[in-house]
(Lines of atoms letter the chains of each structure in order from A and count residues from 1; the text may use other names and numbers.)
(Lines give C-alpha, C1' and ligand atoms only; values in the text may rest on other atoms or scores of the structure.)
Protein backbone atom coordinates (compact mmCIF):
# COMPACT_ATOMS: atom_id res chain seq x y z
CA UNK A 1 0.00 0.00 0.00
CA UNK A 2 1.23 3.49 -0.77
CA UNK A 3 2.23 5.02 2.55
CA UNK A 4 1.26 8.54 1.47
CA UNK A 5 -2.34 7.63 0.64
CA UNK A 6 -4.80 9.47 2.89
CA UNK A 7 -8.32 8.14 3.06
CA UNK A 8 -11.09 10.72 3.04
CA UNK A 9 -13.87 8.32 4.01
CA UNK A 10 -16.34 9.68 6.55
CA UNK A 11 -17.07 7.24 9.37
CA UNK A 12 -20.49 7.54 11.01
CA UNK A 13 -20.48 5.53 14.25
CA UNK A 14 -23.97 4.75 15.55
CA UNK A 15 -24.21 3.06 18.95
CA UNK A 16 -27.30 1.48 20.46
CA UNK A 17 -28.81 2.98 23.63
CA UNK A 18 -27.85 -0.11 25.68
CA UNK A 19 -24.57 -0.84 23.95
CA UNK A 20 -20.90 -0.40 24.82
CA UNK A 21 -18.80 -1.38 21.77
CA UNK A 22 -16.07 -3.95 22.37
CA UNK A 23 -13.58 -1.93 20.32
CA UNK A 24 -13.84 1.73 21.27
CA UNK A 25 -11.49 2.90 18.49
CA UNK A 26 -12.98 1.04 15.56
CA UNK A 27 -13.30 4.10 13.29
CA UNK A 28 -9.60 3.92 12.46
CA UNK A 29 -10.12 0.44 11.00
CA UNK A 30 -12.22 1.90 8.20
CA UNK A 31 -9.40 4.30 7.31
CA UNK A 32 -7.10 1.29 6.97
CA UNK A 33 -9.71 -0.59 4.94
CA UNK A 34 -10.15 2.36 2.61
CA UNK A 35 -6.39 2.47 2.11
CA UNK A 36 -6.29 -1.23 1.20
CA UNK A 37 -8.77 -0.50 -1.61
CA UNK A 38 -7.21 2.78 -2.73
CA UNK A 39 -7.02 1.52 -6.34
CA UNK A 40 -10.75 0.83 -6.58
CA UNK A 41 -13.86 2.96 -6.51
CA UNK A 42 -15.37 2.97 -3.04
CA UNK A 43 -18.05 4.75 -0.98
CA UNK A 44 -17.50 8.23 0.48
CA UNK A 45 -19.06 7.28 3.82
CA UNK A 46 -19.60 4.28 6.03
CA UNK A 47 -22.32 3.81 8.64
CA UNK A 48 -21.12 1.49 11.41
CA UNK A 49 -23.90 0.36 13.74
CA UNK A 50 -23.12 -1.29 17.09
CA UNK A 51 -25.72 -3.08 19.17
CA UNK A 52 -26.39 -5.67 21.85
CA UNK A 53 -29.26 -8.16 21.91
CA UNK A 54 -31.33 -5.60 23.84
CA UNK A 55 -30.81 -3.17 20.93
CA UNK A 56 -31.32 -5.68 18.13
CA UNK A 57 -34.67 -4.28 16.91
CA UNK A 58 -33.26 -0.77 17.15
CA UNK A 59 -30.27 -1.79 15.02
CA UNK A 60 -32.49 -3.56 12.51
CA UNK A 61 -34.48 -0.36 12.11
CA UNK A 62 -31.29 1.65 11.60
CA UNK A 63 -30.32 -0.65 8.75
CA UNK A 64 -33.83 -0.66 7.27
CA UNK A 65 -33.90 3.14 7.15
CA UNK A 66 -30.61 3.32 5.26
CA UNK A 67 -30.36 0.11 3.23
CA UNK A 68 -33.97 -1.04 2.91
CA UNK A 69 -36.27 -3.33 4.86
CA UNK A 70 -35.40 -6.42 2.81
CA UNK A 71 -31.71 -6.10 3.69
CA UNK A 72 -32.53 -5.61 7.37
CA UNK A 73 -34.96 -8.54 7.47
CA UNK A 74 -32.48 -10.89 5.83
CA UNK A 75 -29.39 -9.94 7.82
CA UNK A 76 -31.05 -9.78 11.22
CA UNK A 77 -32.73 -13.10 10.56
CA UNK A 78 -29.43 -14.81 11.35
CA UNK A 79 -27.61 -12.21 13.47
CA UNK A 80 -27.30 -12.07 17.27
CA UNK A 81 -29.47 -15.04 18.31
CA UNK A 82 -29.20 -14.31 22.04
CA UNK A 83 -27.63 -11.94 24.55
CA UNK A 84 -24.61 -14.12 25.32
CA UNK A 85 -23.81 -14.96 21.71
CA UNK A 86 -24.06 -11.72 19.76
CA UNK A 87 -20.87 -11.14 17.81
CA UNK A 88 -22.26 -11.42 14.27
CA UNK A 89 -21.54 -8.75 11.68
CA UNK A 90 -22.90 -8.04 8.20
CA UNK A 91 -22.47 -5.40 5.52
CA UNK A 92 -24.24 -3.94 2.53
CA UNK A 93 -24.68 -0.67 0.65
CA UNK A 94 -27.19 2.03 1.54
CA UNK A 95 -29.91 3.15 -0.82
CA UNK A 96 -27.65 6.07 -1.84
CA UNK A 97 -24.53 3.90 -2.31
CA UNK A 98 -22.68 4.41 0.96
CA UNK A 99 -21.18 1.56 2.97
CA UNK A 100 -23.14 0.20 5.91
CA UNK A 101 -22.32 -2.54 8.40
CA UNK A 102 -23.54 -3.63 11.79
CA UNK A 103 -21.79 -5.35 14.68
CA UNK A 104 -23.31 -7.27 17.55
CA UNK A 105 -21.78 -7.24 21.03
CA UNK A 106 -22.49 -9.95 23.57
CA UNK A 107 -23.50 -9.04 27.10
CA UNK A 108 -20.73 -9.09 29.74
CA UNK A 109 -19.57 -12.67 30.23
CA UNK A 110 -20.80 -13.73 26.79
CA UNK A 111 -18.88 -14.74 23.68
CA UNK A 112 -16.35 -12.34 22.18
CA UNK A 113 -14.63 -13.01 18.88
CA UNK A 114 -11.02 -11.92 18.63
CA UNK A 115 -11.78 -10.04 15.40
CA UNK A 116 -13.89 -7.60 17.43
CA UNK A 117 -10.88 -6.33 19.36
CA UNK A 118 -8.44 -5.17 16.69
CA UNK A 119 -10.50 -3.79 13.79
CA UNK A 120 -10.38 -7.01 11.78
CA UNK A 121 -14.15 -7.38 11.64
CA UNK A 122 -14.68 -3.79 10.44
CA UNK A 123 -12.17 -4.25 7.62
CA UNK A 124 -13.74 -7.60 6.74
CA UNK A 125 -17.21 -6.08 6.41
CA UNK A 126 -15.97 -3.00 4.54
CA UNK A 127 -14.49 -5.38 1.97
CA UNK A 128 -18.00 -6.69 1.28
CA UNK A 129 -19.33 -3.14 0.91
CA UNK A 130 -16.55 -2.20 -1.52
CA UNK A 131 -17.28 -5.35 -3.52
CA UNK A 132 -20.96 -4.39 -3.73
CA UNK A 133 -19.93 -0.85 -4.71
CA UNK A 134 -18.18 -2.14 -7.85
CA UNK A 135 -21.64 -2.82 -9.33
CA UNK A 136 -22.66 0.86 -9.17
CA UNK A 137 -24.99 2.08 -10.62
CA UNK A 138 -26.61 -1.33 -11.16
CA UNK A 139 -27.83 -3.05 -8.01
CA UNK A 140 -27.65 -6.80 -7.91
CA UNK A 141 -26.68 -9.74 -5.76
CA UNK A 142 -22.93 -9.12 -5.71
CA UNK A 143 -22.33 -12.05 -3.35
CA UNK A 144 -23.21 -14.67 -5.96
CA UNK A 145 -20.80 -13.43 -8.64
CA UNK A 146 -18.02 -15.48 -7.05
CA UNK A 147 -18.09 -18.65 -4.92
CA UNK A 148 -18.86 -18.13 -1.24
CA UNK A 149 -15.37 -19.28 -0.24
CA UNK A 150 -13.84 -16.57 -2.42
CA UNK A 151 -16.04 -13.74 -1.11
CA UNK A 152 -15.51 -14.57 2.56
CA UNK A 153 -11.91 -15.58 2.00
CA UNK A 154 -11.14 -12.22 0.42
CA UNK A 155 -12.75 -10.30 3.28
CA UNK A 156 -10.86 -12.45 5.79
CA UNK A 157 -7.52 -11.76 4.08
CA UNK A 158 -7.99 -7.99 4.13
CA UNK A 159 -9.34 -8.10 7.68
CA UNK A 160 -6.35 -9.96 9.08
CA UNK A 161 -3.88 -7.96 7.01
CA UNK A 162 -5.35 -4.59 7.96
CA UNK A 163 -5.62 -5.49 11.64
CA UNK A 164 -1.93 -6.37 11.85
CA UNK A 165 0.73 -3.75 12.56
CA UNK A 166 3.67 -6.04 11.73
CA UNK A 167 4.48 -9.27 9.92
CA UNK A 168 4.96 -10.94 13.29
CA UNK A 169 1.48 -9.90 14.37
CA UNK A 170 0.00 -11.16 11.12
CA UNK A 171 1.83 -14.46 11.50
CA UNK A 172 0.42 -14.84 15.00
CA UNK A 173 -3.12 -14.22 13.71
CA UNK A 174 -2.57 -16.82 10.98
CA UNK A 175 -1.29 -19.44 13.37
CA UNK A 176 -4.10 -18.86 15.85
CA UNK A 177 -6.76 -19.04 13.14
CA UNK A 178 -5.43 -22.32 11.75
CA UNK A 179 -4.79 -24.03 15.08
CA UNK A 180 -8.23 -23.35 16.56
CA UNK A 181 -10.13 -24.92 13.64
CA UNK A 182 -9.91 -28.68 13.73
CA UNK A 183 -11.71 -30.60 10.95
CA UNK A 184 -15.18 -31.97 11.65
CA UNK A 185 -16.98 -34.95 10.14
CA UNK A 186 -18.40 -33.00 7.19
CA UNK A 187 -14.96 -32.31 5.72
CA UNK A 188 -13.34 -35.42 7.26
CA UNK A 189 -9.79 -34.08 7.33
CA UNK A 190 -7.57 -31.49 5.67
CA UNK A 191 -6.23 -33.62 2.84
CA UNK A 192 -6.14 -31.82 -0.52
CA UNK A 193 -8.97 -33.91 -1.97
CA UNK A 194 -11.29 -32.71 0.80
CA UNK A 195 -10.31 -29.10 0.25
CA UNK A 196 -11.16 -29.56 -3.43
CA UNK A 197 -14.50 -30.94 -2.31
CA UNK A 198 -14.94 -27.82 -0.17
CA UNK A 199 -14.30 -25.56 -3.20
CA UNK A 200 -16.85 -27.47 -5.24
CA UNK A 201 -19.43 -27.57 -2.47
CA UNK A 202 -19.48 -23.78 -2.17
CA UNK A 203 -19.55 -23.16 -5.92
CA UNK A 204 -23.06 -24.40 -6.65
CA UNK A 205 -25.35 -21.45 -5.84
CA UNK A 206 -28.24 -21.61 -5.05
CA UNK A 207 -27.63 -25.16 -3.82
CA UNK A 208 -26.85 -25.16 -0.08
CA UNK A 209 -23.55 -26.78 0.85
CA UNK A 210 -23.51 -29.78 3.17
CA UNK A 211 -20.22 -28.47 4.59
CA UNK A 212 -20.36 -25.96 7.45
CA UNK A 213 -19.96 -22.32 6.49
CA UNK A 214 -17.28 -21.58 9.06
CA UNK A 215 -14.75 -23.17 6.67
CA UNK A 216 -15.33 -20.17 4.39
CA UNK A 217 -13.41 -18.11 6.93
CA UNK A 218 -10.59 -20.64 7.31
CA UNK A 219 -10.01 -22.66 4.14
CA UNK A 220 -11.47 -19.87 2.01
CA UNK A 221 -9.24 -17.33 3.72
CA UNK A 222 -6.10 -19.44 3.28
CA UNK A 223 -6.89 -19.97 -0.40
CA UNK A 224 -7.39 -16.28 -1.16
CA UNK A 225 -4.32 -15.47 0.94
CA UNK A 226 -2.31 -17.66 -1.44
CA UNK A 227 -3.88 -15.93 -4.44
CA UNK A 228 -3.05 -12.50 -3.00
CA UNK A 229 0.53 -13.64 -2.43
CA UNK A 230 0.75 -14.73 -6.07
CA UNK A 231 -1.08 -11.87 -7.77
CA UNK A 232 -0.84 -9.03 -5.26
CA UNK A 233 -3.30 -7.65 -2.73
CA UNK A 234 -5.40 -6.03 -5.49
CA UNK A 235 -5.81 -9.27 -7.43
CA UNK A 236 -8.89 -10.67 -5.63
CA UNK A 237 -10.81 -7.43 -6.19
CA UNK A 238 -9.52 -7.27 -9.77
CA UNK A 239 -11.07 -10.71 -10.27
CA UNK A 240 -14.33 -9.56 -8.72
CA UNK A 241 -14.45 -6.48 -10.96
CA UNK A 242 -14.21 -8.76 -13.99
CA UNK A 243 -17.30 -10.66 -12.81
CA UNK A 244 -19.24 -7.38 -12.57
CA UNK A 245 -18.54 -6.93 -16.29
CA UNK A 246 -20.16 -10.25 -17.13
CA UNK A 247 -17.31 -12.74 -16.83
CA UNK A 248 -17.87 -16.00 -15.00
CA UNK A 249 -15.70 -16.74 -11.98
CA UNK A 250 -13.57 -19.14 -14.01
CA UNK A 251 -13.13 -16.64 -16.85
CA UNK A 252 -12.20 -13.89 -14.39
CA UNK A 253 -9.80 -16.24 -12.60
CA UNK A 254 -7.96 -17.03 -15.85
CA UNK A 255 -7.70 -13.35 -16.77
CA UNK A 256 -6.44 -12.36 -13.31
CA UNK A 257 -4.03 -15.21 -12.57
CA UNK A 258 -3.15 -16.51 -16.03
CA UNK A 259 -4.16 -20.10 -15.33
CA UNK A 260 -7.39 -22.07 -15.63
CA UNK A 261 -9.24 -22.61 -12.36
CA UNK A 262 -9.32 -26.37 -12.98
CA UNK A 263 -5.51 -26.39 -13.11
CA UNK A 264 -5.01 -24.01 -10.20
CA UNK A 265 -7.46 -25.59 -7.76
CA UNK A 266 -5.42 -28.76 -7.02
CA UNK A 267 -2.28 -26.65 -6.49
CA UNK A 268 -4.08 -24.28 -4.13
CA UNK A 269 -5.63 -27.20 -2.28
CA UNK A 270 -2.16 -28.68 -1.71
CA UNK A 271 -0.82 -25.37 -0.40
CA UNK A 272 -3.73 -24.98 2.01
CA UNK A 273 -3.67 -28.63 3.04
CA UNK A 274 -0.03 -28.46 4.14
CA UNK A 275 -0.73 -25.50 6.42
CA UNK A 276 -3.63 -27.17 8.23
CA UNK A 277 -2.22 -30.68 8.31
CA UNK A 278 0.81 -29.34 10.16
CA UNK A 279 -1.58 -29.18 13.15
CA UNK A 280 -4.25 -31.73 12.17
CA UNK A 281 -2.55 -34.53 10.20
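In the working numbering, the protein residues as written are 31 to 311.
Note that the Cβ used here is the ideal one computed from N, Cα and C, for glycine as well.
**Request:** Counting only runs of 4+ residues fully inside the region 99-145, write out the alpha helix (DSSP H) ranges in chain order.
**Result:** Entirely contained in the region 99-145, the alpha helix (DSSP H) runs reaching 4 residues are, in chain order, 99-106.
**Prompt:** To the nearest angstrom, how far is it from the Cα of residue 156 to the Cα of residue 231?
**Reply:** Here the question's residue 156 lines up with position 126 in the chain shown. Here the question's residue 231 lines up with position 201 in the chain shown. Computed Cα separation, rounded: 26 Å.
**Request:** Spatial neighbours of residue 273 within its chain, please: CB distance less than 8 Å, with the 5 preceding and 5 following residues excluded, ordered by chain position.
**Result:** Residue 273 sits at position 243 when you count from the first residue of the chain shown. Answer for residue 273: 175, 176, 279 and 282, listed in chain order.
**Request:** State the DSSP-derived secondary structure class of residue 40, mapped to helix, strand or coil.
**Result:** To locate residue 40, count along the chain shown from 1; it is residue 10. In the three-state DSSP reduction, residue 40 falls in the strand class (E or B).
**Prompt:** What is the residue span of the alpha helix (DSSP H) that residue 181 lies within?
**Reply:** As a first step, residue 181 must be located in the chain shown, where it is residue number 151. Residues 178-193.
**Request:** Give the C-beta separation of residue 130 and residue 161 to the nearest angstrom, bearing in mind that I take them to be a contact with Cβ-Cβ under 8 Å.
**Result:** Here residue 130 is taken as the residue at index 100 of the chain shown, counted from 1. Here residue 161 is taken as the residue at index 131 of the chain shown, counted from 1. No, residue 130 and residue 161 are not in contact; Cβ-Cβ is about 14 Å, not under 8 Å.
**Message:** Between the alpha carbons of residue 296 and residue 222, how many angstroms are there, rounded?
**Reply:** Stepping through the chain shown from its first residue, residue 296 is reached at position 266. Stepping through the chain shown from its first residue, residue 222 is reached at position 192. Those two C-alpha atoms are separated by around 7 Å.
**Request:** Measure the Cβ-Cβ separation of residue 90 and residue 116 and say whether it is below 9 Å.
**Result:** For this step, residue 90 is matched to residue 60 along the chain shown. For this step, residue 116 is matched to residue 86 along the chain shown. In terms of Cβ geometry, residue 90 and residue 116 do not form a close pair [threshold 9 Å].
**Item:** Cβ-Cβ separation, residue 152 to residue 56 (assumed contact under 8 Å), whole Å
**Value:** Taking the chain shown and counting its residues from 1, one reaches residue 56 at position 26. Taking the chain shown and counting its residues from 1, one reaches residue 152 at position 122. Contact between residue 56 and residue 152 holds, with the beta-carbon distance rounding to 5 Å and staying under 8 Å.
**Request:** Give me whichever residues DSSP pairs with residue 78 in a beta bridge.
**Result:** Here the question's residue 78 lines up with position 48 in the chain shown. Bridge partners of residue 78: 43 and 131.
**Message:** Quick check: residue 81 and residue 124, are their CB atoms within less than 9 Å of each other?
**Reply:** Position 51 of the chain shown, counting from 1, holds the residue named residue 81. Position 94 of the chain shown, counting from 1, holds the residue named residue 124. Residue 124 is positioned such that its CB atom lies no closer than 9 Å to that of residue 81.
**Message:** How far does the alpha helix (DSSP H) with residue 268 in it extend, from its first residue to its last?
**Reply:** As a first step, residue 268 must be located in the chain shown, where it is residue number 238. Where residue 268 is concerned, the enclosing alpha helix (DSSP H) stretches over 265-274.
**Boundaries (first-last residue) of the alpha helix (DSSP H) holding residue 202** = Here residue 202 corresponds to residue number 172 of the chain shown, with the count starting at 1. Looking at the DSSP string, the run of the alpha helix (DSSP H) that includes residue 202 is 197-209.
**Request:** Could you tell me whether the region 246-258 touches the region 177-194, where touching means 3 or more Cβ pairs closer than 8 Å?
**Result:** Because the criterion of three Cβ pairs below 8 Å is met, the region 246-258 and the region 177-194 touch.
**Item:** residue 84 beta carbon less than 9 Å from that of residue 93
**Value:** The residue given as residue 93 occupies position 63 in the chain shown. The residue given as residue 84 occupies position 54 in the chain shown. For the pair residue 93 and residue 84, the CB atoms are not nearer than the 9 Å cut-off.
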